[in-house]
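Every position in the sequence shown, counted from 1, becomes a number in this note's numbering once 27 is added.
Every residue gets a Cβ at the ideal spot worked out from N, C-alpha and C, and that includes glycine.
Bear in mind the structure is a predicted one, so any value in this text is a computation, not a measurement.
The next block holds one structure in the form of structure tokens; read it before the comments.
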Amino acid sequence: MGTVGTLRSAGVRAGDEVVVPAYGNAEVARAVVELGAVPVFADVDADSYCLDAAAVADAVTGRTAAVMAVHRFGRPADVAWIREVGQRYGLLVLVEDELGARPDGAELRREHARYLDGRLSGVRTPAPASGHRYEQYVVRVPGNGRPDRDAFARALQAKGVGCKVPVQTPVYRMPGLRRDVFLPETERAVDETLALPLDAGMTRREVQRMAGACNALGGLLQPAF
């Protein structure tokens, strides 16, 4: 059906406000605009990178009709808390997986993730969560935000680790979606996160090599005080 169809069938109409995540892909916000509704960006939880329920409550106005929660990197959004906010304000709560979800091979990715959780140093590993499929294994690089994260990524790539920055910019800074807002957890996530390759087809030896490459750089980048 697609996001536009989901919103339309749920009763969202032109002029309605829809609360959407500020961190992640822009497709959900663009679908709201395509419908003639207004995306309102809410901050994300620092651990899950999904909508923060308290931030959703802060974003609600008299024109808000719905909330669109998105599971991020294979980790489920805290839908129960968001639905509680929805019930409090009489809002529809719609839930989507981000584009490119990979349900197959989740158990092998979880196994690799457990290994990395116990071996990686010098980066902040993902917070554990029930049902996490680890479609991406997203760490935070300590230090001075984007410059240190980018330097860490370049050093890893030079060692043959195909890491990438998962989200380049907050959605509220993208063309056609710009808003005069500053959401601190979204900004920090954009500046600090790095996705390490994590595929069900990887061997344990490949995962070990990646951990070793990361740990060799850990002492080069010290947290800012």
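Could you please give the first and the last residue of the uninterrupted alpha helix (DSSP H) stretch that includes residue i?
i	result
Phe-68	That residue, Phe-68, is in no alpha helix (DSSP H); its beta strand (DSSP E) goes 65-69.
Thr-213	211-219
Ala-238	231-244
Gly-113	106-116
Thr-152	From DSSP, Thr-152 is part of no alpha helix (DSSP H); its letter is neither H nor E.
In this structure, does DSSP put residue i in helix, strand or coil?
i	result
Ala-92	strand
Leu-78	strand
Pro-197	coil
Val-188	coil
Val-165	strand
Val-55	helix
Val-87	coil
Could you pull the start and end residues of the beta strand (DSSP E) that residue i belongs to?
i	result
Leu-119	119-124
Pro-48	44-48
Between the C-alpha atoms of residue i and residue j, what's the straight-line distance to the nearest angstrom?
i	j	result
Gly-51	Ala-81	18 angstroms
Ala-73	Pro-211	10 angstroms
Leu-147	Gly-239	8 angstroms
Pro-202	Arg-232	42 angstroms
If you compare alpha carbons, which of the options is closest to residue i?
i	options	result
Pro-174	Val-60, Gln-163, Arg-35, Arg-215	Arg-215
Asn-171	Asp-70, Thr-220, Ala-64	Thr-220
Arg-136	Val-67, Tyr-161, Ala-154, Gln-195	Tyr-161
Val-46	Phe-68, Gly-63, Gly-149, Gln-163	Phe-68
State whether the region 82-90 contacts the region 220-229, with contact taken as three or more CB pairs (one from each stretch) at a distance under 8 angstroms. no
I'd like to know if the region 112-128 and the region 170-187 are in contact, where contact means that at least 3 CB-CB pairs between them fall below 8 angstroms. no
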